Structure formats: C-alpha cells, structure tokens
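Q: Take this structure first; my questions come after.
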Amino acid sequence: MRVIGIDPGLRNLGWGVIDAQAGRLSHVANGICHSDGDDLGERLLSLYNQLTEIIDAFQPQTAAVEQTFVNKDGAGTLKLGQARGIAMLVPAKAGLPIGEYAPNKVKKTVVGVGHADKKQVAHMVKVQLPGVEIKGADAADALAIAICHAHHGGGASGLAAALARAVV
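Taken in order, the sequence shown gives residues 697 to 864; the numbers are from this note's numbering.
Spelled out as structure tokens, the structure:
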C-alpha cells in the first residue's frame, strides 16, 4: 500500500510518500510545497497545483492529513484551515480515502510520546525509514503522518479500496 502523508501549511505544505508492505515501511519520496502568489487565492491555487502533481506522480492509494489545532491567533488558524482544505481536497478529488490524525497521536506513534519535539520526530522517521534524506521539518512531519496512517488507518482503508476495485 502506498501512503501519502500531508502536513498542511499555507507557506510550506510538507508531503511524504511511503510504501507499507507486510508490516515493513519504505521511503518513496518527500518534499515541501512552497506557496507562490501575492494573495491568498493565488497561494492556495499554487498549493493545489503542486499537490496534484505529486499525487499524479507517485500514485498513492491512501492519504493522511494532520488535524489542525486551534491556537490563540484566530486569523492564523483560519488560514491554516484553508491550506488544510487543499490538503483534503486534492486526495479526495483523486478518489483516495483520507485519514486524519491529531499531532499528539502522530508523535506518540512515531516517537512513543505525544509531546515530542520536531528533532525527535525527524530522528525517529530516519530510524523507521533507513536511508531517507528528509527535505525539511515539514517533510519530516508529513512522513511521520504517513507512518502513523500505515500503523493505524492505512490497512483498513487500503483493504476497503482494494475490495471495491475487485467488485467492479
């Protein structure tokens, strides 16, 4: 099963693709989409186009997106929510089942504790995906989201998708 993990962000949207086969994980690709444009609409369109190209190129079978947490800055939370909408829309448009995970669940799955820092997450991603060259902190988070999905939600979603294709 091929999984894409997406770490939503308006300026930097992290992505990571892994293969999960018989309990083994392997790295496929990772990177960061940097939004372009002067206004919010252009930036969202830029993220949409880049993420669409990534899904077309790597053909994941399922997707996972980190849930947004509310912070003190309402305007910032709203903008992050709009980027998260793009992160949900693109895989949905491609027909992929999407899992959503709280940041603490991702950290607990990958690191073992729910309040790990970014360095700990990146380190454990490297341990679980030997030889990976991580393109940045947002890409490390996206790979962690994909790993979380492979452990918690990917199997059932992948099986359901495979059965649906087999019935057709």
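Even for Gly, the Cβ is constructed at its ideal location relative to N, Cα and C. Since the model is a prediction, treat every value here as computed from it, not as a measurement.
1) Closest by CA to A684, which one among I700, Q755, G727?
2) Given this structure, state the Cα-to-Cα distance separating G710 from A840, to the nearest angstrom.
3) Give the secondary structure of V874 by DSSP, where H, G and I count as helix, E and B as strand, and everything else as coil.
4) Since I believe L792 is in contact with T764 (beta carbons under 8 Å), could you give me their beta-carbon distance rounded to a whole number of angstroms?
5) Going by the CB atoms, is the gap between R780 and V761 shorter than 9 Å?
6) Can you round the beta-carbon distance between V821 and V809 to whole angstroms, since I take them to be within the 8 Å contact cut?
7) Which two residues bound the contiguous beta strand (DSSP E) that contains A759?
8) When DSSP labels each residue in this structure, what does Q717 get in the three-state scheme?
9) Less than 7 Å between C-beta atoms, sequence neighbours within five positions excluded: which residues of the same chain meet that for V802?
10) Give me the Cα-Cα distance between L859 and L747, rounded to the nearest whole angstrom.
11) Rounded to the nearest angstrom, how far is the Cβ of I751 from that of A838, given a contact under 8 Å?
12) Specify the secondary structure class of I811 as computed by DSSP and reduced to three states.
13) Taking I782 and Y744 to be in contact with their CB atoms under 8 Å, please state how far apart those CB atoms are, rounded to whole angstroms.
14) Which first and last residues belong to the beta strand (DSSP E) in which V828 is found?
15) Can you list, in chain order, the residues of its chain with a C-beta nearer than 7 Å to that of A790? Leave out the 5 residues immediately preceding and following it.
16) Using only the alpha-carbon positions, how far apart do D735 and P704 sit?
A: Walking through what the data contain:
1) With the chain represented from 697 up to 864, any question about residue 684 goes unanswered, as that position is not in the structure.
2) Taking the Cα positions, G710 is about 11 Å away from A840.
3) Lying outside 697 to 864, the shown extent of the chain, residue 874 is not represented and no answer is given.
4) Their Cβ separation, rounded to whole angstroms, is 19 Å, which puts T764 and L792 out of contact at 8 Å.
5) Annotated as proximal: V761 and R780, with beta-carbon spacing under 9 Å.
6) So it is not a contact: roughly 15 Å between Cβ atoms.
7) Annotation: the continuous beta strand (DSSP E) that includes A759 extends over 758 to 762.
8) The three-state reading of DSSP puts Q717 in strand, counting E and B together.
9) Only E762, A840, I841, C844 meet the Cβ criterion.
10) At L859, the pLDDT of 41 sits below 50, so the modelled position is not reliable and the matter cannot be decided from this model.
11) Taking 8 Å as the upper bound for CB-CB distance, I751 and A838 are not in contact here, some 13 Å apart.
12) Going by the sequence as given, residue 811 is His instead of Ile. If DSSP states are grouped into helix, strand and coil, H811 belongs with coil.
13) With a Cβ gap of about 5 Å, I782 and Y744 count as contacting.
14) Per DSSP, V828 is not a residue of any beta strand (DSSP E), being assigned neither H nor E.
15) Excluding sequence neighbours, A790 sits near I751.
16) D735 and P704: Cα-Cα distance of roughly 18 Å.
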